[in-house]
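Take the sequence shown: its letters are residues 1 to 146, numbered as in full-length UniProt numbering.
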Amino acid sequence: MLRIILVTFLLASSAIATTFDSCTDGGAAPTAVAVAGCAEQPCDFAPGTKVVVDVDFTVDEDVSALAAHVFATVQGLTIEYTLDNPNACELLQDSTCPLDDGEAATYHLEVEIPDITLKSEVLLKFYLEDQSSERVTCFQLDGQVV
């Protein structure tokens with residue numbers, strides 16, 4: 001169930017920026033987040049659909065590797081969602097790793113939401129880590145499976 005929710009979250013992308021919350025436990029906020037079909041929180045995610053997410057961020061040091069992590073909290077239970085491809089360097093748009101200090105980049109992710117999903121509210125936490133396991137960017141997003 002949480003995997004489905006996370007997949008939905010990760011597949012959202014559009015030209016319209018989505019409101020998001022900064023993480024309180026480390027990692028710079030992205031410069032922008034675009035979840036397809038969602039301008040304001042909470043984002044609605046429907047089973048059987050694809051969610052597209054674009055995350056614009058700027059690195060504050062040289063980065064040779066990026067790993068993506070997504071956590072979902074549903075009814076007080078938090079789990080890490082296993083991404084099909086956690087290597088964020090392979091999913092950068094118009095950029096490649098290594099990234100130089102001060103360089104801006106966009107991470108693009110698409111995820112299919114399974115057809116069988118329970119309706120629920122979810123808090124999604126998304127971050128990218130560098131080669132030293134330091135957070136490069138981090139944000140949180142409220143959503144609901146409808």
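Just so it is clear, CB atoms sit at the ideal spot from N, CA and C, and this is done for glycine as well.
Check whether chain D comes within 8 Å of residue i, counting only Cβ atoms and requiring the distance to be less than that.
i: residue 146; result: Although the question refers to chain D, the structure presented lacks it and comprises just one protein chain.
When DSSP builds the beta bridges, which residues end up paired with residue i?
i: residue 36; result: DSSP output for residue 36 lists no bridge partner at all.
i: residue 22; result: 139
i: residue 129; result: 67, 135
i: residue 51; result: 111
i: residue 74; result: 77
i: residue 106; result: 56, 93
My output table needs one value for residue i: the three-state DSSP class, helix, strand or coil.
i: residue 69; result: strand
i: residue 43; result: strand
i: residue 88; result: helix
i: residue 146; result: coil
i: residue 120; result: strand
i: residue 31; result: coil
i: residue 99; result: strand
I'd like to know whether the C-beta atoms of residue i and residue j end up nearer to each other than 8 Å.
i: residue 62; j: residue 94; result: no
i: residue 144; j: residue 47; result: no
i: residue 59; j: residue 136; result: yes
i: residue 72; j: residue 122; result: yes
i: residue 124; j: residue 67; result: no
i: residue 23; j: residue 131; result: no
i: residue 57; j: residue 105; result: yes
i: residue 126; j: residue 70; result: yes
i: residue 138; j: residue 27; result: yes
Touch test, the stretch 77-93 against the stretch 30-38, Cβ-Cβ under 8 Å, three pairs minimum: no
Given 8 Å, three or more beta-carbon pairs between the stretch 35-53 and the stretch 85-105: no
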